[in-house]
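Asks: A single structure is presented below for examination.
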Amino acid sequence: MSSLLLIAALLGLFGYSSGSLPGDPRMIELTWRLENGMAHWPGMVPYNFTIVDRGMIPDGFYLELNNIYLAEHTGTHLDAPAHFIQGEWRLDQVPLKNLVGPGVVVDVRDKTRDNPDYEIGPEDFQDWEREHGRIPDGSVLMLRTGWGEWYWDQGETAYLGTDTGVTSLLHFPGLKPEGAQWLADNRKMHVIGIDTGSMDNGQSVQKMSHRILLPKRVVFIENVGHLDQLPVTGSTVYAMPIMIGQGSGGPARVFAIVDDRTSACSVTTSTIVTVFLAFFSVILNMM
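All the letters of the sequence shown, read from the start, carry residue numbers -19 to -1, 1 to 268 under mature numbering (1 follows the signal peptide of the UniProt record, and there is no 0).
So, in structure tokens, the structure goes:
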């Protein structure tokens, strides 16, 4: 009994309470809601949500059931390396540890506002590092072009540049191949996200940024939402896709945790509890 009381007291000392995260940090939604009529990539099936049941049924109770029909790369979604690289990780093979990391936001809105085809290059990352320091290893690097916050809810033409389905008419910013190569050669992030329809810009034909970074097992998040709410640093970002077997990608729930007291929150409650219990069990065994 005394051992259990000691553990309980120590957990209380470190701020653990069931059902909450340490320090009561903010949680930031980075995912767009899936809904009929949302922008979708040319040639892919549009998202379709159909109500099957919504009301009282003959068995005498209320029931809601729906069918959804969608492409892998719909809404806020992940690109697995296999999307462009034969033999690489498919979605169900990406380790969970690679889908979590310190959030970093590189903001290029001043360059995209008057240039829908802007490509984010090495100089943008170097400018960011001069102000904020080196991009951390294992980070989730978010590229904020402003496209999502400006145009996501303005229709397909505003967001993608066209609603005709013709890919040559696509216009939106993306990652320049030289920028992708600089990241591949000089930094070690796990995930790169962008608030546009693709990591390569709309006019890209060869999709070189995909072909440069996916072989490095860097996972992409496309159509990231609400980057205006994410601090430049000091967050932990989680990108949790649907577990699609054999998938080249899939819709994801992407969110961030920010502890405003420390400007960082890099571990979950369960991790803290596990560490403390392991540590104190050693102590108790020595008593």
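Ideal Cβ placement from N, Cα and C applies to all residues, glycine included.
Remember, it's a predicted structure, so these values are computed and weren't measured experimentally.
Can you have a look at G183 and say buried or exposed, based on whether 16 or more other CB atoms are within 10 angstroms of its CB?
Replies: Buried, because 16 or more other Cβ atoms sit within 10 Å of the Cβ of G183.
Asks: Would you mind sorting H113 into buried or exposed? The rule is 16 or more other CB atoms within 10 Å of its CB.
Replies: Its Cβ having fewer than 16 others within 10 Å, H113 is exposed.
Asks: Which residues in the same chain have their Cβ closer than 8 Å to the Cβ of A237, if we skip the five residues on either side of it in sequence?
Replies: Closer than 8 Å at Cβ, skipping near neighbours: M8, I9, L11, G84, L211, S216, T217, V218 and Y219.
Asks: How would you label N48, buried or exposed, when you count the other beta carbons within 10 angstroms and need 16 or more for buried?
Replies: Exposed is the call here.
Asks: How is Y219 classed by DSSP in three states: helix, strand or coil?
Replies: The answer is strand: DSSP assigns Y219 an E or B state.
Asks: Taking only three categories from DSSP, how would you classify residue 328?
Replies: One cannot answer for residue 328 here, as it falls past the ends of the chain, which runs -19 to 268.
Asks: Tell me the DSSP secondary structure of N48 in three-state form.
Replies: Strand.
Asks: What residue ranges within the stretch 115 to 180 form continuous beta strand (DSSP E) runs of no fewer than 3 residues, ordered along the chain?
Replies: List check, beta strand (DSSP E) in window: 121 to 125 and 172 to 175.
Asks: In the stretch 75 to 105, which residue ranges form an unbroken alpha helix (DSSP H) of at least 4 residues, counting only runs that do not cross its ends?
Replies: If we require 4 residues or more, the alpha helix (DSSP H) runs fully inside the stretch 75 to 105 come out as 90 to 93.
Asks: Checking 8 Å against the spacing of the C-beta atoms, do G24 and G174 come in under that value?
Replies: No, these two residues do not count as a Cβ contact at 8 Å.
Asks: Since I believe A61 is in contact with G230 (beta carbons under 8 Å), could you give me their beta-carbon distance rounded to a whole number of angstroms?
Replies: 5 Å between Cβ atoms; contact.
Asks: Check whether the Cβ of L141 lies closer than 7 Å to any heavy atom of the ligand PLP, and answer yes or no.
Replies: The ligand PLP is absent from the structure shown, which contains no ligand whatsoever.
Asks: Anyone know if the C-beta pair for W133 and W22 falls short of 8 Å?
Replies: Against a cut-off of 8 Å, the Cβ pair of W22 and W133 comes out as no contact.
Asks: Under 6 Å Cβ to Cβ from I32, same chain only, skipping five residues before and after it: list those, please.
Replies: Hits under 6 Å: N47.
Asks: Excluding the five sequence neighbours on either side, which residues of its own chain have a C-beta within less than 8 Å of the C-beta of V26, listed in chain order?
Replies: If we look at V26 and ignore the five residues flanking it on each side, its Cβ neighbours are Y50, L51 and A52.
Asks: Pairing CB atoms from the stretch 117 to 134 with CB atoms from the stretch 186 to 197, are three or more of them under 8 Å?
Replies: Segments in contact, no.
Asks: Hey, would you say V200 sits closer than 8 Å to G82, going by beta carbons?
Replies: Against a cut-off of 8 Å, the Cβ pair of G82 and V200 comes out as no contact.
Asks: Across which residues does DSSP place Y43 in a beta bridge pair?
Replies: M37.
Asks: Based on DSSP bridge pairs, tell me the residues matched to A233.
Replies: According to DSSP, which records beta bridges pairwise, A233 is partnered with P222.
Asks: For Y43, count neighbouring C-beta atoms within 10 Å of its own C-beta (all shown protein chains included) and say buried if the count is 16 or more, exposed if not.
Replies: With fewer than 16 Cβ atoms within 10 Å of its Cβ, Y43 is classed as exposed.
Asks: Identify which residue in F153, R198 and T57 has its Cα closest to the Cα of D181.
Replies: For D181, the nearest C-alpha among the options comes from F153.
Asks: With respect to the beta strand (DSSP E) encompassing H58, which residues constitute its N-terminal and C-terminal limits?
Replies: Run containing H58: H58 to D60, per the beta strand (DSSP E) assignment.
Asks: For a test of the three-state rule: what should DSSP assign to M25, helix, strand or coil?
Replies: Residue state, collapsed to three classes: coil.
Asks: On the CB-based measure, 16 or more other CB atoms within 10 Å of its CB, does D176 come out buried or exposed?
Replies: The residue is buried, with at least 16 neighbouring Cβ atoms inside 10 Å.
Asks: Cβ atoms of M170 and G119: under 8 Å apart, would you say?
Replies: Yes, they are a contact pair.
Asks: Rounded to whole angstroms, what is the Cα-Cα separation between E100 and P158?
Replies: Roughly 8 Å between the two C-alpha positions.
Asks: Quick one: Cα of P232 to Cα of N204, how far?
Replies: Those two C-alpha atoms are separated by around 10 Å.
Asks: With distances taken Cα to Cα, identify the nearest neighbour of R198 among P222, A63, H207 and A139.
Replies: Comparing Cα positions, the closest option is A63.
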